[in-house]
Amino acid sequence: MEKITHFLELPKEIIYNLPKVTLIGNLQLVIENHRGIIEYTTGKIRVSVNTGEIEITGKDLEICNITTDEICLDGDISGLMYHR
Numbered sequence: 021m022e023k024i025t026h027f028l029e030l031p032k033e034i035i036y037n038l039p040k041v042t043l044i045g046n047l048q049l050v051i052e053n054h055r056g057i058i059e060y061t062t063g064k065i066r067v068s069v070n071t072g073e074i075e076i077t078g079k080d081l082e083i084c085n086i087t088t089d090e091i092c093l094d095g096d097i098s099g100l101m102y103h104r
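With the working numbering applied, the sequence shown corresponds to residues 21 to 104, in that order.
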């Protein structure tokens, strides 16, 4: 599979259906390839992904955009954990 991925120049998150997390400072977080929201408060957001869950902690957290493929979060992000 690695050789095919390299040959076709496809991102690993696409081939293996893995989440892609982009953190912009401590102000914004984008998660691609999610499976939905498990928990949502202004202090903690838990998101289901194919391989477990991603937990975001902070202050004034809010979902600024959500689609079937992507979640965008804003707020004062203080922690990011991946749980299998």
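No residue lacks a Cβ here, since even glycine has one placed at the ideal position from N, Cα and C. Everything numeric in this text was worked out from a predicted model, so none of it was measured.
Using three-state DSSP, classify Glu33 as helix, strand or coil.
-> Glu33: helix per DSSP, three-state reduction.
Alpha carbon to alpha carbon, how far is Val50 from Thr87?
-> Distance between the alpha carbons of Val50 and Thr87: 11 Å.
Within the same chain, show all residues whose beta-carbon is closer than 7 Å to that of Cys77, passing over the 5 residues directly before and after it, in chain order.
-> Position check: residue 77 holds Thr in this sequence, whereas Cys was assumed. By the criterion of a C-beta distance shorter than 7 Å, Thr77 is surrounded in its chain by Gly63, Lys64, Ser98, Gly99, once the five residues flanking it on both sides are discounted.
Option in Asp94, His54, Thr71, Glu33 with minimal Cα separation from His103 | The residue with the shortest Cα to Cα distance from His103 is Thr71.
Secondary structure of Asn70, DSSP reduced to three states = In the structure shown, Asn70 sits in coil (DSSP, three-state: anything other than H, G, I, E or B).
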